[in-house]
Amino acid sequence: MTLQEEFQSILEEIQSQSPLIHHITNYVTANDCANTILALGGSPVMADDEKEVEEMVALSSALVLNIGTLSQRTLRSFLLAGKKANELGIPVILDPVGLGTTDLRRKLITEILAKIDLTVIRGNMSEILNVHGTSVITKGVESSEGTENGGEEMAKALAKRFQCIIAITGKVDVISDGKKTYRIHNGHEFLSKITGTGCMSTSIIGLCCATGESPLYGALLGLSIMGISGEIAATHLEQEFKEGLGSFKVHLFDALSGFILQDYLERGKIYEI
Amino acid sequence: MTLQEEFQSILEEIQSQSPLIHHITNYVTANDCANTILALGGSPVMADDEKEVEEMVALSSALVLNIGTLSQRTLRSFLLAGKKANELGIPVILDPVGLGTTDLRRKLITEILAKIDLTVIRGNMSEILNVHGTSVITKGVESSEGTENGGEEMAKALAKRFQCIIAITGKVDVISDGKKTYRIHNGHEFLSKITGTGCMSTSIIGLCCATGESPLYGALLGLSIMGISGEIAATHLEQEFKEGLGSFKVHLFDALSGFILQDYLERGKIYEI
Amino acid sequence: MTLQEEFQSILEEIQSQSPLIHHITNYVTANDCANTILALGGSPVMADDEKEVEEMVALSSALVLNIGTLSQRTLRSFLLAGKKANELGIPVILDPVGLGTTDLRRKLITEILAKIDLTVIRGNMSEILNVHGTSVITKGVESSEGTENGGEEMAKALAKRFQCIIAITGKVDVISDGKKTYRIHNGHEFLSKITGTGCMSTSIIGLCCATGESPLYGALLGLSIMGISGEIAATHLEQEFKEGLGSFKVHLFDALSGFILQDYLERGKIYEI
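Residue numbers (the working numbering), protein chains in the order written: chain A, 1 to 273; chain B, 1001 to 1273; chain C, 2001 to 2273.
If you want it as structure tokens, here you go:
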């Protein structure tokens, strides 16, 4: 199948199945992630207590692990949910938010990488460098630096090492499954000026991997949806002669909720390298 | 008094008292619930630690218990707050979010139902079926299915059993106090496509029950406000030739903050059955 | 330097440094605070586990302590983070949300005041009265009452006592460092009708104190940015013949993200008294 056919198939399955995407995630962007899943036709659920995450995973079609506001209370929840998802063959998407800032994050991610079979890992360059073992200090959690200068070799090597898809997001997105590697040139600088667009991208990848199609194409479609929706949102700002981030966020959700294959056909910039 | 007079009285009391509505709620939609209470003229507070919920309840005019992101940390908080509210005669509104998904939720709700006198229980059909004891698997937390095919008898029976108002929301809302039963035909499909509208409905019911008027009319007004505001928000979208969920959410808060009795008079569709 | 020159310097430093602002904050308004920091050119991070807050502080340029949804789980985090910030000479901004409601809040704030050197304390009149030791019952967390009737003497006395800047916000803002005292007459009533504008003000003060300039001017600029942005947002509403709070919030973020010195020059109303 061509990329276009793969994407059409995933988008149709999302509409017909409305898959449930379970999130163990942070309280800063949880609302945005839930609205993103709904806007695209899925069903979100957020639950993080170790006493219930396994049951919630069992009802779900994908699991998103986002460590943005991790705490000692939820450390075991990430692992229990991940293991249950592996048992049941449910895709697991990891967002190692802020990896490179604290030891607590490093230890949890190390344990997740050792014990859970991941389907996709999505992070910015600094986070993925830290997954790779290169100790880079991550400044905060909102970074779009780095991918314009490469990252393909690291993505490929990590994808082979962890037997999963690696998605590095930034000005350019780099995606690899260890064999094929792609760059996506969609997006808009404003996406890095509102909080949560990284988390939302991870959630969308979860949604696009939930229907049982290839996770490589799920990751490519997921990041394309976010990048292209950002471009469409910016276009609306221009039409209104506005530059504000409040309006941009509204337009972004408008674009997400209206996303159709045609948007990809008109604007998609995916290059295999 | 007619419904119109009851509603006018409640709306006037909210404006003059600006009642404090204490929430033990989830981190996904807490911001939306707080803004909803403010938009309608009340004062919201969210606090969930067992060491302070009783004092916070004592300052409040209604208590909203929403188990969306419950955790072992907050289980006792729900019960302590509920008991204190009962002691002080403060209305307690329960939103059994996701009941039907996990054992943790079932156990907490069972304990709340056994130990707390509730004023209103609001949920979607699947959640209320689980309150009823019919084991139905709830898919996620955003559902609007089911009420178009009835629910009146169950609502009536549950209202008698728990001596409270039962409010089932969906395409049609069903409300009963065990004697009188109503259907509300307001609302818009987009309300089920953004997160939090169920939680917000529960918060509004809390606000409408906080002024000491009849909780049956509080529940009817609360759900009418949400349904009618959704309709008004959709009208604005049509005027702008937009279909986006980002814009819809903005218009929804505009409609909530401008809600007046006249909106009910023009659009309200409440039928006693 | 004149106020204008001080403000210009702070705004330029924020743009060039994009300082990281670490928040231990509440789950109701965390998203708004993160977006506020980003809109103005800074980098936000929210983390609250006691095992990682010290490391996160060490990477940051300012620490914001907001007790909105404090819990027993995070009590030590506030103190550990504050002490680490003191050790490293990083500014600490305290928002004693809801002080005057519960004993848990009183105890934590008493301990913070005793053990942490604060740079700025920002609260509404009722909260600051409680910092002062005047037991006033705080109704909820959204209040703009009180500053129109004074507060200057209390602000001055508290500033001397705690060797920090005191910022009381309300219809009029009162700011003192114990020697100089100011009143700011900017703002709009709608700022008190959406949740989070108090928290966002505290975050902005954190950002304006993060660049190493005088915290007195940081606090003055921070509150001016919020008040003036609220006025600009209201102007947009008028142009659109709207009065809705949903639109107001969008325009507020538009105004924050477009804030430039010129906005202060045209609208700033700061008076030394």
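We put the beta carbon where it would ideally sit given N, CA and C, even for glycine.
Nothing here was measured: the structure is a model prediction, and the numbers come from that model.
Report all residues from its chain with a CB closer than 8 Å to the CB of residue i; omit the five preceding and five following residues, and keep chain order.
i: A/LYS115; result: LEU79, GLY82 and LYS83
i: A/GLU213; result: GLU6, SER9, ILE10 and GLU13
Tell me which residues share the same chain as residue i and place their Cβ nearer than 6 Å to its Cβ, disregarding the 5 neighbours each side in the sequence.
i: A/GLY196; result: THR29 and ASP32
i: B/THR1069; result: ASN1026 and TYR1027
i: C/GLU2050; result: ARG2076, SER2077 and LEU2080
i: B/LEU1099; result: ARG1105, ILE1109, GLU1127 and ASN1130
i: A/GLY222; result: ILE204, ILE205 and CYS208
i: C/MET2154; result: HIS2132
Which term fits residue i, buried or exposed, when burial requires 16 or more other beta carbons within 10 angstroms of its beta carbon?
i: C/THR2110; result: exposed
i: A/ASP103; result: exposed
i: A/SER185; result: Just to set this straight, residue 185 of chain A is His in the shown sequence, not Ser. Exposed is the call here.
i: C/SER2016; result: exposed
i: B/LEU1220; result: buried
i: B/GLY1198; result: buried
i: A/PHE241; result: exposed
i: C/THR2134; result: exposed
i: C/MET2001; result: exposed
i: A/ILE273; result: exposed
i: A/LYS156; result: buried
Cβ of residue i within 9 Å of Cβ of residue j?
i: A/LEU38; j: B/LYS1171; result: no
i: C/SER2201; j: C/ARG2122; result: yes
i: A/VAL120; j: A/PRO19; result: no
i: A/ALA47; j: B/THR1074; result: no
i: B/ILE1021; j: B/GLY1042; result: yes
i: A/GLY206; j: A/LEU88; result: no
i: B/ASP1173; j: B/CYS1164; result: no
i: C/GLY2246; j: B/LEU1256; result: yes
i: C/LEU2040; j: C/LEU2065; result: no
i: C/ALA2085; j: C/VAL2057; result: yes
i: A/PHE190; j: A/SER229; result: no
i: C/ILE2168; j: C/MET2125; result: yes
Cβ of residue i less than 9 Å from any chain C Cβ?
i: A/GLY68; result: yes
i: B/GLY1258; result: yes
i: A/GLU243; result: yes
i: A/ASP32; result: yes
i: B/ARG1267; result: no
i: B/MET1056; result: yes
i: A/GLY98; result: yes
With residue i as the anchor, note down where its alpha helix (DSSP H) starts and where it stops.
i: C/PRO2215; result: 2215–2239
i: C/VAL2172; result: First-last for C/VAL2172: undefined, no H or E at that position.
i: C/ILE2010; result: 2003–2017
i: B/ILE1090; result: Looking at the DSSP string, B/ILE1090 is not in any alpha helix (DSSP H), and its letter there is neither H nor E.
i: B/ALA1255; result: 1245–1257
i: B/SER1201; result: 1197–1209
i: B/THR1110; result: 1103–1115
Taking the continuous beta strand (DSSP E) assigned at residue i, which residues delimit it?
i: C/ASN2124; result: 2120–2124
i: A/ALA159; result: First-last for A/ALA159: 152–162, but that is the alpha helix (DSSP H), not the beta strand (DSSP E).
i: B/ARG1183; result: 1181–1184
i: C/VAL2064; result: 2062–2066
i: B/ILE1270; result: 1270–1272
i: A/ILE278; result: Not covered by the structure: residue 278 of chain A. The range shown for chain A is 1 to 273.
i: B/VAL1045; result: 1043–1046
Can you find a C-beta in chain B that's less than 9 Å from the C-beta of residue i?
i: C/SER2176; result: no
i: C/ASP2049; result: no
i: A/ASN130; result: no
i: C/GLY2230; result: no
Step through the CB atoms of chain A and report whether any lies within less than 9 Å of the CB of residue i.
i: B/ARG1076; result: no
i: B/THR1101; result: yes
i: B/TYR1027; result: yes
i: C/ARG2073; result: yes
i: C/LYS2249; result: yes
i: C/PHE2253; result: yes
In chain order, what residues of the same chain have a beta carbon less than 7 Å from the beta carbon of residue i, not counting five sequence neighbours either side?
i: B/GLY1218; result: ILE1010, ILE1205, CYS1208 and CYS1209
i: A/ILE270; result: LEU3, TYR182, ILE184, LEU220 and SER224
i: B/LEU1237; result: GLU1243, SER1247, PHE1248 and HIS1251
i: C/LEU2059; result: LEU2020
i: B/THR1036; result: MET1200, SER1203, ILE1204 and LEU1256
i: C/ALA2159; result: ILE2165, ILE2166, SER2176, ASP2177 and GLY2178
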